[in-house]
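Trainee: Chains A and B supply the protein sequences, listed in that same order.
Under numbering that gives the first Met the number 0, the first residue of the first sequence carries the number 0, and numbering increases by one thereafter.
Under numbering that gives the first Met the number 0, the first residue of the second sequence carries the number 0, and numbering increases by one thereafter.
A virtual CB, placed ideally from N, CA and C, is assigned to each residue, including glycine.
Quantities reported herein were computed from a predicted structural model and do not represent experimental measurements.
The structure is given below, and queries will be raised subsequently.
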Amino acid sequence: MNLSISALISAMPGAIAQGLIWGIMGIGVYITYKVLDIADLTVDGTMCTGGAVCIVMMLAGQPMWLCLLCSFLAGMLAGLITGLLHTAMGISAILAGILTQMALWTVNLQIMGTPNQAISLNNYDLLVSLRYITDGGYPFYQNPLFVVSLFIIAIIAALYWFFGTEMGCGIRAVGANLNMAKAQGINTNLYKVLGLMLSNGLVALSSALISQYQGFADINMGRGAIVIGLAAVVIGSVLASKWAKNFALKLFCVVLGAIIYYIVLQIVSWMRINPDYLKMLSAVIVALFLAVPYWKSRYAVRRKITKTTGGGGDA
Amino acid sequence: MLELKNIRKTFNAGTINEKLALDDLNLTLNEGDFVTVIGGNGAGKSTMLNAIAGIWPLDSGSIVIDGKDVSRLPEFKRAAYIGRVFQDPMMGTAGSMNIEDNLALAARRGKRRNLRWGIRAEERVAYKEMLADLGLGLESRLTASVGLLSGGQRQALTLLMASLQHPKLLLLDEHTAALDPKTAAKVLELSDKIVQEHGLTTLMVTHNMRDAIAHGNRLIMMSNGKIIFDISGEGKKKLTVEDLLQQFEKASGMQFANDRALLG
């Protein structure tokens, strides 16, 4: 047993880099779960699709930016399918996501040809890689912490702009009050589909980055992704509840949430806890964080009732 | 301005709960008509408004607004012609968005939404003036979340949003029923003012007979999915609650005993 602090500290940059990349995924989940008020389970499939597309295209010698763009588009396509299942075929959003996720398993295997596709830094110029951190000797602008941070700033800026436009406001209205949105002439079905596409596009982009970072795409890499995304969102909203009113700051908090999640995960694995327990632990953490606002509101109501009855007694 | 031709709607057709909600109903509104709608529970008042708004398709019949047949248009497309205020103050506004965002959404009703910024600076100035006209102190709270407003404030805001685009038709569905009497009176007064200012053709459903008599230039009474009484002009001005109760008894007979309590 070696529980040295230095081992933990040296593992931190890797954990933070992973958190940053998953933060992009968390932003995608935020768009469906918080903005559109839909729990979209497509992401468990999309979280592999993006990586599969990216790695296979890179192995075929395509330029990096094209690979990332195609990953993003593939994710949007997955979101489109879920959106159509939901709006055009009347399937509940959660079930529509599960159906697409199921179908994506086959699609992902077809894209990769095998359950796993590896890519090596020795033969390919990767945009982000764990080895840029661990090997040493790479300039700072190749450090994943720096590169992914730039990505995140660009994504948050673009989303801040988009959700401020007439179209983006329409998507927000659909999530905030469906009845009101229809009464104000918003094509609610169209905007739900748009939101789902945007969300899954970002998830696929995150997937493309994470598979480069770890050096492979794997058919199982998306399993349980929604829980990690939700963890980022709920931890992020607890952080944001105090001070972040601005949309960009809220998204930033989601990224922070993902980073915190991966730091906790790193600590857990540093403590030599059986990795088989991790999924259970994640589920419990997310369940607790989701319960906090509910418990808070109940507590607030009870306190209000005690206060008023108490006041009545005095008078 | 509005023509309802033989509109018919049955809910839960073929089941034990089958209910004929609109029974080949006919109604024509002239431009600038302010019509109050009364009737017992289940008479079809709200159903008629929902039919016009396009919440669900009709079984048969047609709806024409300003010469255009909208019977087959989905709800969001009909919204271009219609402003609506609902009974539930939560329903007409987005609580998690702020006041100016809600107004800006309403200002774009019936227009293409594209990638221009969602609200312009000159709009803000205009909204401030309109909110000041409401006399509720909302003009200094443009960026406050609508969820923080009271029910009356939210209804007033919904009213403003509904009338912002000067719609061909304004539908008020018991929009003061969920408010306390004082606030309800204030919102009704605002409704009157806004309707008159823009000369809006309006349908207002209410449970309150006195309100139905005091407002508008025409009154219709519904029962079992039909219009059973329709009065306007001088006749309406002389109308009393007693007259209405008598009319109700005459037209609907047996029903009256059940509905008297609700209408009184």
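Check whether the Cβ atoms of VAL28(A) and GLY228(A) sit closer than 9 Å, and answer yes or no.
Mentor: Yes. Within cutoff.
Trainee: Between MET279(A) and chain B, is any beta-carbon pair separated by less than 9 Å?
Mentor: No, because no Cβ of chain B sits closer than 9 Å to the Cβ of MET279(A).
Trainee: Is it the case that the Cβ atoms of GLN86(B) and ALA183(B) are separated by a distance below 9 Å?
Mentor: Against a cut-off of 9 Å, the Cβ pair of ALA183(B) and GLN86(B) comes out as no contact.
Trainee: Using a Cβ-Cβ cut-off of less than 9 Å, give me the residues of the segment 153–175 of chain A that come near chain B, in sequence order.
Mentor: Under the 9 Å Cβ criterion, the segment 153–175 of chain A contributes TRP160, PHE161, PHE162, GLY163, THR164, GLU165, MET166, GLY167, CYS168, GLY169, ARG171, ALA172, GLY174, ALA175.
Trainee: Please list, in chain order, all residues of the same chain as GLY82(B) whose beta carbon is under 6 Å from its beta carbon, the five residues on each side excluded.
Mentor: Counting only Cβ-Cβ distances below 6 Å, and skipping sequence neighbours, we find ALA161, SER162, PRO166, LEU169.
Trainee: Under 8 Å by Cβ, that's how I've got LEU133(B) and LEU159(B) pegged, so tell me the actual separation to the nearest angstrom.
Mentor: Indeed, because the Cβ distance is near 7 Å, the residues count as touching under 8 Å.
Trainee: Applying a beta-carbon distance threshold of less than 8 Å, which residues of chain B neighbour MET11(A)?
Mentor: Here the premise fails: no neighbours, minimum Cβ distance about 36 Å.
Trainee: On a Cα-Cα basis, can you pick out the residue from SER59(B), THR92(B), LEU48(B), THR175(B) that is closest to GLU74(B)?
Mentor: Closest option to GLU74(B), Cα to Cα, is LEU48(B).
Trainee: Determine, using beta carbons only, whether ASN178(A) comes closer than 9 Å to chain B.
Mentor: So yes, ASN178(A) belongs to the interface.
Trainee: How many Å lie between ALA286(A) and VAL254(A) at the Cα?
Mentor: Between ALA286(A) and VAL254(A), the C-alpha separation is close to 19 Å.
Trainee: So what does ASN97(B) bridge to, in DSSP terms?
Mentor: Partner(s): SER144(B).
Trainee: Can you list, in chain order, the residues of its chain with a C-beta nearer than 8 Å to that of MET75(A)? Leave out the 5 residues immediately preceding and following it.
Mentor: So the list reads MET196, LEU197, ASN199, GLY200, ALA203, once near-sequence residues are dropped.
Trainee: Flag this pair as yes or no: are the beta carbons of ASN107(A) and CYS47(A) separated by less than 9 Å?
Mentor: Contact: yes.
Trainee: Are any of the Cβ atoms in chain B nearer than 9 Å to that of LYS241(A)?
Mentor: No, its Cβ sits nowhere closer than 9 Å to a Cβ of chain B.
Trainee: So for LYS185(B), helix, strand or coil by DSSP?
Mentor: Of the three classes helix, strand and coil, the one that applies to LYS185(B) here is helix, per DSSP.
Trainee: Given this structure, state the Cα-to-Cα distance separating VAL34(B) from GLY91(B), to the nearest angstrom.
Mentor: So the two alpha carbons sit approximately 21 Å from each other.
Trainee: Cα-Cα, which of GLN17(A), GLY167(A), LYS295(A), ILE225(A) is closest to SER281(A)?
Mentor: Closest by alpha carbon: ILE225(A).
Trainee: Any heavy atom of the ligand GDP closer than 8 Å to the beta-carbon of GLN195(B)?
Mentor: This structure does not include the ligand GDP; it has no bound ligands of any sort.
Trainee: Using only CA atoms, which one of GLY44(A), CYS66(A), THR45(A) lies nearest to CYS53(A)?
Mentor: The shortest C-alpha separation from CYS53(A) is found at CYS66(A).
Trainee: Should ALA400(A) be flagged as near chain B, meaning a C-beta pair shorter than 9 Å?
Mentor: Because chain A here runs from 0 to 314, residue 400(A) falls outside it and cannot be looked at.
Trainee: Comparing the C-beta of ILE185(A) with each C-beta of chain B, is any distance below 9 Å?
Mentor: Closer than 9 Å: yes.
Trainee: When you compare only the Cα positions, how much space is there between PRO143(A) and LEU208(A)?
Mentor: Distance between the alpha carbons of PRO143(A) and LEU208(A) is about 10 Å.
Trainee: Could you spell out the range, first to last residue, of the beta strand (DSSP E) harbouring MET266(B)?
Mentor: The structure shown does not extend to residue 266(B), since chain B is modelled only from 0 to 263, so the question has no answer here.
Trainee: Start and end of the alpha helix (DSSP H) containing LEU208(A)?
Mentor: Note, LEU208(A): alpha helix (DSSP H), 187–213.
Trainee: Quick one: Cα of PHE246(A) to Cα of ILE26(A), how far?
Mentor: When rounded, the distance between both Cα atoms is 11 Å.
Trainee: Using beta carbons (cut-off 9 Å, strictly below), is ILE118(B) in contact with chain A?
Mentor: Yes, ILE118(B) counts as interfacial toward chain A.
Trainee: State the DSSP-derived secondary structure class of GLU30(B), mapped to helix, strand or coil.
Mentor: GLU30(B) falls in the coil class under three-state DSSP.
Trainee: How many whole angstroms separate the CB atoms of ARG7(B) and SER59(B), which I take to be in contact at a CB cut-off of 8 Å?
Mentor: The pair is a contact, with the Cβ atoms about 5 Å apart (cut-off 8 Å).
Trainee: Hey, MET208(B) and LEU243(B) are a contact pair by Cβ (cut 8 Å); roughly how many whole angstroms apart?
Mentor: Yes, they are in contact, since the Cβ atoms of MET208(B) and LEU243(B) sit about 5 Å apart, within 8 Å.
Trainee: Do you know how far the Cα of GLY44(A) is from the Cα of TRP104(A)?
Mentor: Roughly 6 Å separates the two Cα atoms.
Trainee: Below 8 Å on C-beta distance, what does THR92(B) contact in chain A?
Mentor: Per Cβ cutoff of 8 Å: ASN176, MET179.
Trainee: LEU238(A) and GLY256(A) look like a contact to me (Cβ under 8 Å); what is the Cβ gap, rounded to whole Å?
Mentor: Right, their Cβ atoms sit about 7 Å apart.
Trainee: Against LEU104(B), what residues of chain A qualify as contacts under a CB-to-CB distance less than 7 Å, listed in chain order?
Mentor: Within chain A, the residues near LEU104(B) are CYS168, ALA172, GLN183.
Trainee: Spell out a yes or no on whether the segment 128–136 of chain A and the segment 151–166 of chain A are touching, meaning 3 or more CB-CB pairs, one atom from each, closer than 8 Å.
Mentor: Flag = no, the segment 128–136 of chain A and the segment 151–166 of chain A do not touch.
Trainee: Considering only the alpha carbon of each residue, which of ALA290(A), ALA38(A), ASP217(A), LYS295(A) lies closest to THR94(A)?
Mentor: Thr is not the amino acid found at residue 94(A); the sequence shown has Leu there. For LEU94(A), the nearest C-alpha among the options comes from ALA38(A).
Trainee: Tell me MET203(B)'s beta-bridge partners as DSSP assigns them.
Mentor: THR35(B), LEU171(B), per the DSSP bridge assignment.
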